[in-house]
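J.: The listed protein sequences correspond, in order, to chains A and B.
Numbering follows the working numbering, with no gaps: position 164 of the first sequence is 164.
If you want the working numbering, it's the 1-based position in the second sequence plus 1000.
Note that the Cβ used here is the ideal one computed from N, Cα and C, for glycine as well.
Given the structure is predicted, the values throughout are model-derived calculations rather than measurements.
Dropping a structure here in structure tokens format, bear with me for questions.
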Amino acid sequence: MSSNKGSALLIVAHGSTVNPDSSAPTLAHAAEIRRRKIFAGVECAFWKEEPSLRDAIFLFDPESLREVYVVPNFISEGYFTQTVIPRELELNGRITKRPNGQIWNYCEPVGSHLMMTELLLKRAHDVAPDVVPAEASLLIVAHGTDLNENSAVAAKREAEKIRAFGKYAAVLNVYMEEPPLVSDWRKLTESPNVVVVPFFISDGLHSYEDIPILLGIAGAAGVDRGRPGSPPPATAHGEIFRQNPYAIDGRKLFYAPSIGTDPGFADIIVEQANAAGKT
Amino acid sequence: MRDLIEEIFNGLPVPFSFGQILVRRRECAGFVLLHRDDASLDLLETYRDAEGAIGIAKYDDAGNYRPLKTAPNLRHGWRLELAAVEELRRALDYFYPGRLAVFAAWKSGYLKTTALRETLDRQSGMYRVAAKISDPQINDLVTDFCRSDTGCLRTILWKRDRNRVIASTKLPNEKFDPVYDQGTASGPPGSATPATAAAAATVPLLCQEACNLLVAECRKVVKDEDV
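Okay, here's the thing in structure tokens:
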């Protein structure tokens, strides 16, 4: 970036009309970056929440803020980063000059940054600090079968990179809806410890309930809905992460919150803006 | 550095209202924010930092998640004490994300509005079908979905299409008037309307383009018709 005095940061995320926790990590990362005073302005925009991507066009005073860095808080390149965000923000490439002279720099999504590997390792350690990695399998969970999204590919890439370190007994990319299935973790792993990190931007139905059910830990944590369609118990949100480790078949399973809730995401967002500023 | 929003704050008489929020000046220094319906109440839960607004704005009185922050269902029973104008700005932005900036753009004359048909024609993927909604269906949907008493407190600035046809012929003219205080809109016939405090000044929640929720509703209308 040429100078932070006239530069602003826009963090773009999906958001949700049903999940109250969807935007929370993005707002928290924005508050942290704001606190660091790196940019003259830091704002968020969401596809499904407010301010909308269309509102974001007006968030930055064109007279005082000459440059805007747009960082998608997404796990991978895909439909949203390649189609929806550029269209809604009226971007026509990596660099867009508005009629008012303001320059908008479209950055890579956070999930594409090299630091993501480091962050996954840190999260795996944080959730199971006393576990010797050589005696543990690390599972990185993505959704799989996402239309036009590449989160499954990104999870595979991260698993391969971590595997290459030779630190963990095994490192696997697993999915909710396509093989290798997270529900097959007993067959897929042999180590006495299993560490599971959801490769998602925020916690929500998938990390609070769906994956725990697939892992077979929902009942133990008291987050099982019981009947389909019935409301989740009041303890559901976050409780699943407080009951580690889960003892299953003589093994210990450690379940981490979604990677996007890690405060280290704020560093990656800034790095993605820096990278765009240097090109 | 020039700050449009700060300039607006400096020019505003206090107290002023913003949606369902009343902003008052504190006796010592700073500001106090509360729900307009709670203007005469003393026993309120007190918050003292701008980030407190995130939690207050997230759920309604019944504990339901509020996906649309400009819906007229802001939770009651709180007061937010803030020391400085920068905190006030941040808190108001948590309550009504983006609305201050849109208001500032409107005041400065560079706010661009987008007709609903343009918004719908731009959609892709699962929302592409929303463009098939008919004009009468738009009229009914906007009337129901955007009405100030039960739907949304924003003032509609966008038109239905490029011919500048009004978005709904059934909503009152005030719904399209930035000077009108949408927070005082009366409830539906037969309902009890809360006693909402009128303020000396009002900052309108301006709507320059249909939100994603309305686009999703347009899609729903089309899909329901296909069944």
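Using beta carbons (cut-off 8 Å, strictly below), is Y168(A) in contact with chain B?
T.: Output row for Y168(A): interface = no.
J.: Quick one: which chain A residues come within Cβ less than 8 Å of S1148(B)?
T.: Under the 8 Å cutoff, chain A gives no residues; its nearest Cβ is about 17 Å from S1148(B).
J.: Does DSSP put I75(A) in a helix, a strand or coil?
T.: Three-state result, I75(A): coil.
J.: Judging by CA-CA distance, which residue of N1163(B), N1064(B), D1161(B) and V1142(B) is the nearest neighbour of T1155(B)?
T.: Per the Cα distances, V1142(B).
J.: A266(A) and R69(A) - do their beta-carbons sit closer together than 8 Å?
T.: In the sequence as displayed, the identity of residue 69(A) is Tyr instead of Arg. Result no, Cβ atoms of Y69(A) and A266(A) do not sit closer than 8 Å.
J.: Leaving out five residues on either side along the sequence, give the residues of the same chain with a beta carbon under 6 Å from the beta carbon of I103(A).
T.: Here the set comprises E67 and K97.
J.: The alpha helix (DSSP H) that contains E158(A), what's its start and end?
T.: Counting along the chain, the alpha helix (DSSP H) containing E158(A) begins and ends at S151 to F165.
J.: Which stretch, first to last residue, makes up the beta strand (DSSP E) that contains N100(A)?
T.: Taken as a continuous stretch (DSSP letters only), N100(A) belongs to no beta strand (DSSP E), as it is neither H nor E.
J.: Short of 7 Å in beta carbon distance, which residues of its chain neighbour V1215(B), apart from the five on each side in sequence? Order them along the chain.
T.: Closer than 7 Å at Cβ, skipping near neighbours: T1119, L1120, Q1123, Y1127 and A1130.
J.: Taking only three categories from DSSP, how would you classify Y1065(B)?
T.: Looking at Y1065(B) - three-state DSSP - the assignment turns out to be strand.
J.: If you draw a straight line from the alpha carbon of D1140(B) to that of S1168(B), how long is it in whole angstroms?
T.: Cα to Cα, the separation comes out at about 7 Å.
J.: Look at the alpha carbon of S64(A) and the alpha carbon of A1083(B), and state the distance between them as a whole number of angstroms.
T.: Whole-angstrom Cα-Cα distance: 25 Å.
J.: State the start and end residues of the unbroken alpha helix (DSSP H) segment that holds S1108(B).
T.: Where S1108(B) is concerned, the enclosing alpha helix (DSSP H) stretches over R1099 to S1108.
J.: By the 10 Å Cβ neighbour count, where 16 or more other Cβ atoms means buried, how is V41(A) classified, buried or exposed?
T.: Note on identity: in this sequence residue 41(A) is Gly, with Val being the wrong assignment. Answer is buried; the Cβ neighbour count reaches 16.
J.: Quick one: is A1101(B) near chain A, going by C-beta distance under 8 Å?
T.: Yes, A1101(B) lies at the interface with chain A (some Cβ there is under 8 Å from its Cβ).
J.: Measure the C-alpha to C-alpha separation of P231(A) and H206(A) and round it to an integer number of angstroms.
T.: Any reading at P231(A) must be qualified, since the residue scores a pLDDT of 48, below 50, and its modelled position is unreliable; no value is offered.
J.: Per DSSP, which one or two residues make a beta bridge with V171(A)?
T.: Bridge partners of V171(A): L138(A).
J.: Short check: CB of L114(A) to CB of V71(A), under 8 Å?
T.: No, they are not a contact pair.
J.: Can you tell me whether A1135(B) is buried or exposed, with buried defined as 16 or more other CB within 10 angstroms of its CB?
T.: Note that residue 1135(B) is Asp in the sequence shown here, rather than Ala. D1135(B) comes out exposed.
J.: Let me check understanding here. Comparing Cα to Cα, which of F74(A), Y255(A), T145(A) and P133(A) lies closest to V127(A)?
T.: When each option's Cα is compared against that of V127(A), the closest is Y255(A).
J.: Are the beta-carbon atoms belonging to F1095(B) and I1021(B) less than 8 Å from one another?
T.: Yes, the pair counts as a contact, with Cβ atoms nearer than the cut-off.
J.: What does the alpha-carbon distance come out to for the pair D21(A) and Y208(A)?
T.: Between D21(A) and Y208(A), the C-alpha separation is close to 11 Å.
J.: Roughly how many whole angstroms lie between the Cα atoms of N1064(B) and Y168(A)?
T.: Going by the C-alpha atoms only, they are around 43 Å apart.
J.: State the Cα-Cα distance for the pair D61(A) and R1089(B), rounded to the nearest angstrom.
T.: When rounded, the distance between both Cα atoms is 15 Å.
J.: By the 10 Å Cβ neighbour count, where 16 or more other Cβ atoms means buried, how is R1160(B) classified, buried or exposed?
T.: Result: buried.
J.: Under the three-state reduction of DSSP, which class applies to C1218(B): helix, strand or coil?
T.: Three-state result, C1218(B): helix.
J.: A100(A) to A218(A), Cα distance in whole Å?
T.: As written in the sequence, residue 100(A) is Asn, which differs from the Ala given in the question. Taking the straight line from one Cα to the other gives about 53 Å.
J.: Is there a C-beta anywhere in chain B that falls below 8 Å from the one on L10(A)?
T.: So no, L10(A) is outside the interface.
J.: Quick check: what's the CA-CA separation for T17(A) versus K48(A)?
T.: Approximately 6 Å between the Cα atoms of the pair.
J.: Between the stretch 131 to 146 of chain A and the stretch 1018 to 1032 of chain B, do three or more beta carbon pairs fall short of 8 Å?
T.: These segments do not touch.
J.: Going by C-alpha distance, which of I211(A), R35(A) and V194(A) is nearest V182(A)?
T.: Comparing Cα-Cα distances from V182(A) to each of I211(A), R35(A) and V194(A), the minimum goes to I211(A).
J.: Go ahead and pull the three-state DSSP assignment for G1011(B).
T.: G1011(B): coil per DSSP, three-state reduction.
J.: For a contact defined as C-beta to C-beta under 7 Å, what are the partners of C1211(B) on chain C?
T.: The structure shown has no chain C; the protein chains it does contain are A and B.
J.: Could you tell me whether any Cβ in chain A is nearer than 8 Å to the Cβ of G1011(B)?
T.: Not an interface residue.
J.: Any heavy atom of the ligand ADP inside 7 Å of the beta-carbon of F1018(B)?
T.: Looking for the ligand ADP in the displayed structure turns up nothing, as the structure carries no ligands at all.
J.: Measuring straight from C-alpha to C-alpha, what distance separates T235(A) and P257(A)?
T.: Any reading at T235(A) must be qualified, since the residue scores a pLDDT of 44, below 50, and its modelled position is unreliable; no value is offered.
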